[in-house]
Structures are given as C-alpha cells and as structure tokens.
Amino acid sequence: MSEENRLILAEKYYTRNQISISDLRMAQIKKMKLKDYQKILRAAQAEFCTHYNPLDKLLIEEYENKRRQEQERRIKAFEKWQQNWKNSSY
1 MSEENRLILA EKYYTRNQIS ISDLRMAQIK KMKLKDYQKI LRAAQAEFCT HYNPLDKLLI
61 EEYENKRRQE QERRIKAFEK WQQNWKNSSY
C-alpha cells in the first residue's frame, strides 16, 4: 500500500478520541473541495481493500468453517434427540 494512501487513511481514521474525522472537516483541513477529497479518500480505501483482500478471504473461510461445524453439531444433536424419542415411544 502506498505511503500517501496510508497517510490519508491515518489522518481520517486514527485520531486521539478514536472517532473518524468527517469528510467535510478533512477537506477543510486540506483546503480542498469536498468532492476532490472524497475522490482521493475512495482511491485510498480501494487500495486498502485490495491490499487486505487475501486476509478477508481467510477470515470468511474461517467463519464458514465454524458455521459449518456448528450446523453439523446441531444436526447430530437433533438426530440423537430423534433417536432417543423413537426409543422411548409407547
């Protein structure tokens, strides 16, 4: 990720009070038009997303694996309950 885009994102999102600065305020600070600042910000965000896309895929795979395991556990628990119910029938 380029140094310039990292700086743009850091200025916007990493603040003392952990609240991002509004686009309008950042444009005023940089003495730019709002739409020009937003264009630069979108480019930085797009590069960030491209840079971290492999990490996103890994997190999604991990989530899907956990979801699948939980679903399998629930199915087995239901099948066990169903078998116990059949065995205890009149």
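Heads up: the sequence shown begins at 1 in the UniProt record's numbering, then just goes up one per residue.
Each residue gets a CB set at the ideal place from its N, CA and C atoms; glycine is no exception.
Residue i classed as buried or exposed, judged by whether at least 16 other C-beta atoms fall within 10 angstroms
i           : result
residue 129 : In the structure displayed, the chain extends from 1 to 90; residue 129 sits before or after that span and is not available.
Y14         : exposed
Y52         : exposed
A44         : buried
Anticipated Cβ contact below 8 Å, residue i with residue j, distance rounded
i   : j   : result
M1  : F48 : 6 Å
K12 : S20 : 6 Å
I8  : I40 : 6 Å
Q38 : D23 : 6 Å
Length of the line joining the Cα atoms of residue i and residue j
i   : j   : result
E70 : K35 : 46 Å
N5  : R67 : 35 Å
P54 : N17 : 30 Å
E64 : E3  : 34 Å
S88 : R73 : 23 Å
A10 : T50 : 17 Å
As assigned by DSSP and simplified to three states, the class of residue i
i   : result
A26 : Note that residue 26 corresponds to Met in the displayed sequence, not to Ala. Reduced to three states, the DSSP call for M26 is helix.
I21 : coil
K66 : helix
R16 : coil
K33 : coil
**Prompt:** Should the region 23-32 be called in touch with the region 49-68, which here means at least 3 C-beta pairs below 8 Å?
**Reply:** no
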